[in-house]
Amino acid sequence: MPHTPPSAAAASQPHDAPGLGARSVHQKPGPDTLLATHDLVIDIPGRPPGSPLELTVDPGQCWGILGPNGAGKSTLLQTLAGLRAARAGTIKVKGQRIATLPRAELARRLGLVFQTHHDGFPATVLETALIGRHPYLRPWDIETSEDYARARAALAEMDLSDLEGRMVDTLSGGERQRLAIATVLTQDPSLLLLDEPTSQLDLHHQVAVLNRVQSIVAQENRAAVLVLHDVNLAARYCDHLLLLFPDGQACWGPTATMLVPSALERLYNQRLSVGEVDGLPVFLPRNE
Amino acid sequence: MIVSRPTRHLVLLVAMFLFTAAAQAEPVTVTDDGGREVQLDQPAERIVSLAPHITEVLFAVGAGHKLVGATQHSDFPPEAQALPRVGGYSRIDMERVVQLDPDLVIAWRSGNSQSQIEHLRELGFSVYVSEPRSFDGVASSMRRMARLAGTEARGDQAVRAFEETIETLRQDYADREPVRLFYQVWEQPLMTVNDDHLISEAIRLCGGVNVFGHLDRLVPRMDREAVIEADPEVIIGGGMGEDRPDWVIAWGQWEHMTAVQRDNLFFIPPSLLQRHTPRIAEGTRLMCEELERARLRRAD
Amino acid sequence: MTRSFLLAAAVLLPASLLAILIALAFGSVAIAPGDLLAVVLGEGSRLHDTLVLELRLPRALAAFAAGGLLGLAGALMQVLLRNPLADPYVLGLSGGASVGALLAMLAGLSMFSISLAAFAGALLSTVIVFGLAHGTGSWTPTRLLLTGVVVAAGWGAMISFLLAVSPTAELPGMLYWLMGDVSHARNPYPAWILLIVVVLLALPLGRTLNVLARGPMQAAALGVAVRPVEWSIYVAAALITATAVMQVGAVGFVGLIVPHMLRLIFGNDQRVILPASALGGGILLTLADTLARTIIAPEQLPVGVITAMLGVPVFLFLLYRSR
Chain A
1 MPHTPPSAAA ASQPHDAPGL GARSVHQKPG PDTLLATHDL VIDIPGRPPG
51 SPLELTVDPG QCWGILGPNG AGKSTLLQTL AGLRAARAGT IKVKGQRIAT
101 LPRAELARRL GLVFQTHHDG FPATVLETAL IGRHPYLRPW DIETSEDYAR
151 ARAALAEMDL SDLEGRMVDT LSGGERQRLA IATVLTQDPS LLLLDEPTSQ
201 LDLHHQVAVL NRVQSIVAQE NRAAVLVLHD VNLAARYCDH LLLLFPDGQA
251 CWGPTATMLV PSALERLYNQ RLSVGEVDGL PVFLPRNE
Chain B
1001 MIVSRPTRHL VLLVAMFLFT AAAQAEPVTV TDDGGREVQL DQPAERIVSL
1051 APHITEVLFA VGAGHKLVGA TQHSDFPPEA QALPRVGGYS RIDMERVVQL
1101 DPDLVIAWRS GNSQSQIEHL RELGFSVYVS EPRSFDGVAS SMRRMARLAG
1151 TEARGDQAVR AFEETIETLR QDYADREPVR LFYQVWEQPL MTVNDDHLIS
1201 EAIRLCGGVN VFGHLDRLVP RMDREAVIEA DPEVIIGGGM GEDRPDWVIA
1251 WGQWEHMTAV QRDNLFFIPP SLLQRHTPRI AEGTRLMCEE LERARLRRAD
Chain C
2001 MTRSFLLAAA VLLPASLLAI LIALAFGSVA IAPGDLLAVV LGEGSRLHDT
2051 LVLELRLPRA LAAFAAGGLL GLAGALMQVL LRNPLADPYV LGLSGGASVG
2101 ALLAMLAGLS MFSISLAAFA GALLSTVIVF GLAHGTGSWT PTRLLLTGVV
2151 VAAGWGAMIS FLLAVSPTAE LPGMLYWLMG DVSHARNPYP AWILLIVVVL
2201 LALPLGRTLN VLARGPMQAA ALGVAVRPVE WSIYVAAALI TATAVMQVGA
2251 VGFVGLIVPH MLRLIFGNDQ RVILPASALG GGILLTLADT LARTIIAPEQ
2301 LPVGVITAML GVPVFLFLLY RSR
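Chains as they are written, first to last, in the numbering used here: chain A, 1 to 288; chain B, 1001 to 1300; chain C, 2001 to 2323.
See the structure below:
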């Protein structure tokens, strides 16, 4: 999906959203919509409701969620995955209310990669990737060679083939993160929810992971939602952005309309310098 | 019913045979302390004892030679020490019991495992359960065990001797002036007995009064303060072995106690007082003598 | 998975038979191999028949079933708490079952009610450990162990209290029962039935447990209905612990050692480890009880002594390694 460079107007003109500098774009969910929220307020104790979310994730879209520490990005992602109860509002996955979907069915439709991985229990790399097949197997089923092939392919994509017999607790942080992504690739859901998937990766693997996400989204009927800390990666790989403020305020829309320096400065409470590389904006923290 | 002649002869023969067999070895039936009837076709010849005091009683009633096995610590009389062992009383070595092939097993209700006793019954052994709780109980146990072993003559003799000793002591001492006493079973924790205990029967017989006899538990744990406050006239220590434990003398540090001032700190070997055997008559005699000594010291 | 399952079956099934055979062959009375064979062929002497078939066999079966239940309980709790140190004895389940049973005994209830009370005690213990150690969703070994140790100590104090206030005549019956000891086990069949049923139920649940071992959130994201599964396992663990305790008293450490050793050999697939732990626990307790019967015969040791002597070093080693 081609990225539109931000128009001069979008970059310079202040928008009318109250004090945010960016305006949310509401889009009605269509028949193909993978994920839609209505009036969604995530539940973070002691926080005012802020802006209820009206998100629509359609096939082919790659959404980035940006926000400072503690803004509730992970909570939002887990709420979207049906793992946390929302304070208010509804979430629909492929048109069905998430609360009414059986867990296994939900796990075939969307997959979540967590930010932290606690593997207190010993397991090998291959076994770990293989559990991505769990939603597809009935209780008495045993993994077939095809399931193994999928897991091995996912490991290969994440450069982990050589490690398949290793115990998970001997992996480095980056290897473990790639393993988590390999697991969700094995799971192969329509909607990928990735919580800071690149936070521990070297540059090469960051690009490799995001390229892979992009290629998945390019397939039929797929989409992804990524929590990212790197605005510049978000600008390159996401076509839609959701800015999440610590007070619960939020705004969202196509990337081009969201990359407004004043909004980003407010978001991170940090002055930014803006440049341009390869026709895309680059934001760097300004030290003063 | 028409019975053919040859058959009638056979019936007659069998009946006669049964009659003579019964006359040769008379069946024995006694009721044990669990309320069960124990029936033997003939007096027991191979007995296994499951507690030291049972071994001792069997020897006392002249059935020691019929014992083929006993639990650990069956140490009296000395001959008992040579008996094959069948484990400790709390955990019986069932295989050894089976191997000894006894025709009577005598068990101890409050010491052996209930499930092991039942298991022995299921295996087809005759089990007599013993649980004497008083002098009368000791005498009646002796009688019943003697009957089971077919040694009534020796048994009656032993029971009479036991009962006579007890009766003599009762006549000599029961109406003497009461002596308030504290019987100490053990030091850490500090333990005594209440009036339901066999030892208290010995105490009463000697004209003693157990200062903690009114307590609910059979073997209550005591607070030292309570003993000092009760201020008994006599303290009698038991313990484990045959020698006086140091803690009997240690009461000496409480100089204002009557028992200490009169030097009434006594020791009676627990094997003579705490086991449910005829030897308790001997222990009782010792106690009566100690209490009498205490009465004499009142004059000082 | 299939390979390690078959490997485990190929190793553990013969080993189970061997363990029971050893239990049949050894005792405080020596029986020559030829005589043993005669008994098996139905041609043994009356004495040998009684020794082998009526004493050793029921006892070996009781030890095997109870050991299997404890191994299974340990394996289940370890998955659930994602901690290889979890064990029904260490975490106080056995203590809870003991207290429940003691209370029922004091109240003079029937055998069935005593079993029920033991189950209730184990379940209460589970709920306490689960509730308190769960906290924010992830267990640290320290937190879990502290909770378990404190709960177990609490039960220990309760037991002391109950023993202190119980009528003296009742004491021996209660004491036997608190020590891990197979010599009082009578009817092994209910334990066997439960063991087989739970293993059969756990097999199809094995992959779900594999997923659950990655943490509740991850498991939920992979389509596991976490809460119902967790609760079923807790109830099952409490039930099988209580049954084992009713059978052989509070035997420790079987649930700790067995799954750990098996994981080292067969990997960590619960579909393999759960049935393997049942067999392994059975083997361990059967052999330990044979040792307890013979090591200082005719004196008999409670089997809990043997398992503790094996288990404590293993536990300390695991704790040291987990840091």
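Note that beta-carbon positions come from the ideal geometry of N, C-alpha and C, so glycine has one too.
TODO: Can you give me the Cβ contacts of Ala-1022(B) inside the same chain, cut-off strictly under 7 angstroms, excluding the 5 residues immediately before and after it?
DONE: Note on Ala-1022(B): pLDDT 47, under 50, position unreliable in the model; the coordinate value appears next. None.
- [ ] Quick one: measure Cβ to Cβ for His-289(A) and Pro-261(A), integer angstroms, because I've assumed they're closer than 8 angstroms.
- [x] Residue 289(A) falls outside the range modelled here, since chain A spans only 1 to 288, and no answer is possible.
Open item on the list: Which same chain residues end up closer than 7 angstroms to Arg-1295(B) when comparing Cβ atoms and leaving out the 5 residues on each side of it in sequence?
Closed with: Arg-1176, Glu-1177, Val-1179
Task: Cutoff 8 angstroms: Leu-1123(B) Cβ touching any chain C Cβ - done: yes
Task: Any non-hydrogen atom of the ligand FMN within 7 angstroms of Leu-2047(C) CB - done: As for the ligand FMN, it is missing from this structure, which has no ligand bound.
Task: 8 angstroms Cβ cutoff met for Arg-47(A) and Gly-279(A) - done: no
Open item on the list: Only counting the same chain, and skipping five residues up and downstream in sequence, which positions put a Cβ closer than 6 angstroms to that of Phe-1212(B)?
Closed with: Thr-1192
TODO: Could you work out which residue in Glu-146(A), Thr-33(A), Leu-53(A), Pro-52(A) is closest to Cys-62(A) when comparing CA atoms only?
DONE: Thr-33(A)
Open item on the list: Quick check: Gly-2074(C) and Ala-2152(C), are their CB atoms within less than 8 angstroms of each other?
Closed with: no
Open item on the list: Can you confirm whether Met-2111(C), when its beta carbon is compared against all beta carbons of chain A, has any partner nearer than 8 angstroms?
Closed with: no
TODO: Determine, using beta-carbon pairs with one atom in the stretch 1253-1269 of chain B and one in the stretch 2215-2226 of chain C, whether at least three such pairs fall under 8 angstroms.
DONE: no
Task: Cβ contact (3+ pairs, closer than 8 angstroms) linking the stretch 186-193 of chain A and the stretch 131-139 of chain A - done: yes
Task: Same chain, Cβ closer than 6 angstroms to Met-2246(C), neighbours up to 5 away in sequence not counted - done: Ser-2115, Ala-2118
Task: Start-end ranges of the alpha helix (DSSP H) lying completely within the stretch 1155-1224 of chain B, minimum 4 residues - done: 1198-1205
Open item on the list: Quick test of your reading: Gly-2215(C) and Leu-2274(C), contact by CB under 8 angstroms. State the CB separation rounded to the nearest angstrom.
Closed with: At roughly 19 angstroms, the Cβ-Cβ gap does not stay under 8 angstroms, so Gly-2215(C) and Leu-2274(C) are not in contact.
Task: Contacts of Arg-103(A) in chain C (Cβ-Cβ under 8 angstroms) - done: Ala-2220, Gly-2223, Val-2224, Ala-2225
Open item on the list: Looking at chain E, is there any beta carbon in it that lies within less than 8 angstroms of the beta carbon of Ser-2183(C)?
Closed with: Absent from the structure: chain E. Protein chains present are A, B and C.
TODO: Go ahead and label Lys-92(A) buried or exposed: buried means 16 or more other beta carbons lie within 10 angstroms of its beta carbon, across all protein chains shown.
DONE: buried
Task: Stretch pair the stretch 2310-2320 of chain C + the stretch 1096-1104 of chain B: three plus CB contacts closer than 8 angstroms - done: no
TODO: Identify whether Cys-1288(B) lies in helix, strand or coil by the three-state DSSP scheme.
DONE: helix
Open item on the list: Determine whether the beta carbon atoms of Arg-1091(B) and Gln-2300(C) lie at a separation below 8 angstroms.
Closed with: yes
Open item on the list: Between which two residues does the alpha helix (DSSP H) holding Tyr-1967(C) run?
Closed with: Because residue 1967(C) is not part of the residues shown, which for chain C are 2001 to 2323, the question remains open.
Task: Counterpart residues of Trp-252(A) in DSSP-defined beta bridges - done: Leu-242(A)
TODO: Can you give me the Cβ contacts of Thr-79(A) inside the same chain, cut-off strictly under 6 angstroms, excluding the 5 residues immediately before and after it?
DONE: Ile-42, Ala-86
TODO: Just list the alpha helix (DSSP H) runs in the stretch 1225-1267 of chain B, keeping only unbroken ones of 4 residues or longer that don't cross its boundaries, in chain order.
DONE: 1246-1249, 1258-1261
Open item on the list: At the level of alpha carbons, what is the spacing between Glu-1152(B) and Ser-1141(B)?
Closed with: 12 angstroms
Task: Contacts around Gly-2092(C), its chain only, beta-carbon distance under 6 angstroms, and the 5 residues preceding and following it disregarded - done: Ser-2125, Gly-2148, Val-2151, Ala-2152, Trp-2155
Open item on the list: Counting only beta-carbon separations shorter than 8 angstroms, does Met-1094(B) have a partner in chain C?
Closed with: yes
Open item on the list: Quick check on Ala-1021(B) - is its C-beta less than 8 angstroms from some C-beta in chain C?
Closed with: A caution first: Ala-1021(B) carries a pLDDT of 48, below 50, which makes its placement in the model too unreliable to give a value.
Open item on the list: Less than 6 angstroms between C-beta atoms, sequence neighbours within five positions excluded: which residues of the same chain meet that for Pro-285(A)?
Closed with: Gln-270
Open item on the list: Mapping the DSSP letters down to three states, classify Leu-264(A) as helix, strand or coil.
Closed with: helix
- [ ] Look at the Cβ atom of Ile-216(A), then the Cβ atom of Pro-197(A), and state whether they are nearer than 8 angstroms.
- [x] no
Open item on the list: Need the endpoints of the alpha helix (DSSP H) that Ile-991(B) sits in, please.
Closed with: Outside the shown range of chain B (1001 to 1300) lies residue 991(B), about which nothing can therefore be said.
- [ ] At 7 angstroms on the CB atoms, spell out the chain B contacts of Pro-2298(C), in chain order.
- [x] Arg-1085, Val-1086, Gly-1087, Asp-1093, Arg-1096
Open item on the list: What residue range does the beta strand (DSSP E) around Trp-1070(B) cover?
Closed with: Note that residue 1070(B) is Ala in the sequence shown, not Trp. Per DSSP, Ala-1070(B) belongs to the beta strand (DSSP E) from 1067-1070.
TODO: Report all residues from its chain with a CB closer than 6 angstroms to the CB of Ala-107(A); omit the five preceding and five following residues, and keep chain order.
DONE: Pro-135
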